[in-house]
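Following: one structure in structure tokens, then a few remarks.
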Amino acid sequence: MGIGLKKSGLLMGIALVGMISLGALNVDAATKTIAPGYFTNVKDKMYFKTTKKIKLGIYTNALGDSVGKSFYAPKNSIVQLAKTRDSHGKVYALFSLVGTLNYNVTKSSVNHILMPIGVPLKKSNFKLVNVKPSKFVYKQFLMGKPSTNDNVDQFMITLDNYIEFYKKGALAGMAKPLLSDKILKITETSKATYLYLKNNNKYLPAQKLNSGVYRLKVTQGANVKVSMGEGYYQSNATYTFGHKAVWNELASFSKR
Numbered sequence: 001m002g003i004g005l006k007k008s009g010l011l012m013g014i015a016l017v018g019m020i021s022l023g024a025l026n027v028d029a030a031t032k033t034i035a036p037g038y039f040t041n042v043k044d045k046m047y048f049k050t051t052k053k054i055k056l057g058i059y060t061n062a063l064g065d066s067v068g069k070s071f072y073a074p075k076n077s078i079v080q081l082a083k084t085r086d087s088h089g090k091v092y093a094l095f096s097l098v099g100t101l102n103y104n105v106t107k108s109s110v111n112h113i114l115m116p117i118g119v120p121l122k123k124s125n126f127k128l129v130n131v132k133p134s135k136f137v138y139k140q141f142l143m144g145k146p147s148t149n150d151n152v153d154q155f156m157i158t159l160d161n162y163i164e165f166y167k168k169g170a171l172a173g174m175a176k177p178l179l180s181d182k183i184l185k186i187t188e189t190s191k192a193t194y195l196y197l198k199n200n201n202k203y204l205p206a207q208k209l210n211s212g213v214y215r216l217k218v219t220q221g222a223n224v225k226v227s228m229g230e231g232y233y234q235s236n237a238t239y240t241f242g243h244k245a246v247w248n249e250l251a252s253f254s255k256r
């Protein structure tokens, strides 16, 4: 089994795992009577900023059992709407958390996995914001050349602009990172993307500009297909981060 079948869509899968408790039906608020104080006409993947410290999830062990601890997102956290449902005129929302907030905030790990819960989508709790995330957010990057081997170093970039590195074979977002570092800013041109980092690191060495500022140049290469056997293949995007080869799976599987 290739990496795609095990990890493809991992971040969104984690984000939506609470769907059973929330309900699978999106709100079409334009056709329903919504109670005062709730957001209406909302769509998946909209972004909201918390106006206060608010409970957005719980922690479970690897078997999905609650460990008796809740997750409270700090005030002014920006989170992505994953799903909504309407219950008697009240709108409840499920937010993507993994890949959105950095480890220093979520503290999500292998036996302490952060799972979202449905919360009232009230205007007193959230503010709708316009966010244009980097194209690298919510992706799981693996070091080296594309293959079906997932036992390699990997990293991800969170919505709140942190780059987080994980040990070989770890599930990004579900394990404690080896390193979590702030990205000061991201700029994009037609030929390259530049990550400006607060610190240099051994995983993706960057160019020092001045004290506390390092620049990492990112370019995208060709998509590469890797055979999975039995006539199937996985399609992967390739990149160069500084001088390091990096790839991520496009979750595209087809039979020849």
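Residues in the sequence shown are numbered consecutively from 1, following my numbering.
Just so you know, even glycine gets a beta-carbon here, dropped at the ideal spot from N, CA and C.
Chain D within 8 Å of residue i, Cβ atoms only
{"i": "residue 142", "result": "Of the protein chains in the structure, only one exists, and it is not chain D."}
In DSSP terms, what residue i is bridged to
{"i": "residue 65", "result": "Partner(s): none; residue 65 has no beta bridge."}
{"i": "residue 87", "result": "90"}
{"i": "residue 81", "result": "95"}
{"i": "residue 242", "result": "DSSP output for residue 242 lists no bridge partner at all."}
{"i": "residue 42", "result": "Per DSSP, none; premise fails for residue 42."}
{"i": "residue 54", "result": "73"}
{"i": "residue 60", "result": "66, 113"}
{"i": "residue 235", "result": "225"}
For residue i, the nearest candidate out of the options (CA to CA)
{"i": "residue 205", "options": "43, 109, 242", "result": "242"}
{"i": "residue 271", "options": "124, 215, 235, 120", "result": "This structure cannot speak to residue 271, because the chain is shown only from 1 to 256."}
{"i": "residue 329", "options": "199, 210, 60", "result": "This structure gives no information on residue 329, because the portion of the chain shown stretches from 1 to 256."}
{"i": "residue 130", "options": "221, 37, 42, 34", "result": "42"}
{"i": "residue 198", "options": "228, 62, 184, 108", "result": "184"}
{"i": "residue 203", "options": "40, 227, 249, 156", "result": "156"}
{"i": "residue 229", "options": "147, 250, 108", "result": "147"}
{"i": "residue 179", "options": "193, 212, 192, 163", "result": "163"}
{"i": "residue 218", "options": "78, 161, 193", "result": "193"}
{"i": "residue 50", "options": "63, 36, 76", "result": "76"}
{"i": "residue 191", "options": "213, 220, 169", "result": "220"}
{"i": "residue 39", "options": "112, 125, 69, 95", "result": "125"}
{"i": "residue 145", "options": "45, 225, 189", "result": "225"}
{"i": "residue 37", "options": "212, 122, 167", "result": "122"}
{"i": "residue 95", "options": "104, 85, 103", "result": "85"}
Same chain only: Cβ atoms within 6 Å of residue i, ignoring 5 sequence neighbours per side
{"i": "residue 106", "result": "114"}
{"i": "residue 159", "result": "100, 133, 137"}
{"i": "residue 57", "result": "71, 97, 114, 115, 116, 117"}
{"i": "residue 186", "result": "134, 195"}
{"i": "residue 207", "result": "215"}
{"i": "residue 55", "result": "70, 72"}
Cβ-based burial, residue i [other Cβ within 10 Å; buried from 16]
{"i": "residue 65", "result": "exposed"}
{"i": "residue 153", "result": "buried"}
{"i": "residue 236", "result": "buried"}
{"i": "residue 67", "result": "exposed"}
{"i": "residue 140", "result": "buried"}
{"i": "residue 128", "result": "exposed"}
{"i": "residue 110", "result": "exposed"}
{"i": "residue 82", "result": "buried"}
{"i": "residue 170", "result": "buried"}
{"i": "residue 249", "result": "buried"}
{"i": "residue 108", "result": "buried"}
{"i": "residue 27", "result": "Unreliable placement is indicated for residue 27, whose pLDDT of 45 sits below 50; the coordinate value is still reported in the next sentence. Classification of residue 27: buried, given that the 10 Å Cβ count is 16 or more."}
Proximal residues to residue i (C-beta, below 7 Å), its chain only, five neighbours per side dropped
{"i": "residue 209", "result": "215"}
{"i": "residue 52", "result": "75, 125"}
task = Ignoring anything shorter than 3 residues or poking outside the segment 106-150, list the beta strand (DSSP E) runs there in chain order.
result = Those beta strand (DSSP E) runs which fall completely within the segment 106-150 and span 3+ residues are 113-116, 126-129, 140-143.
key: Entirely enclosed beta strand (DSSP E) segments - the segment 150-198, minimum 3 residues   = For the beta strand (DSSP E) assignment, the uninterrupted runs of no fewer than 3 residues enclosed by the segment 150-198 are, from N- to C-terminal side, 154-157, 162-166, 179-188, 193-197.
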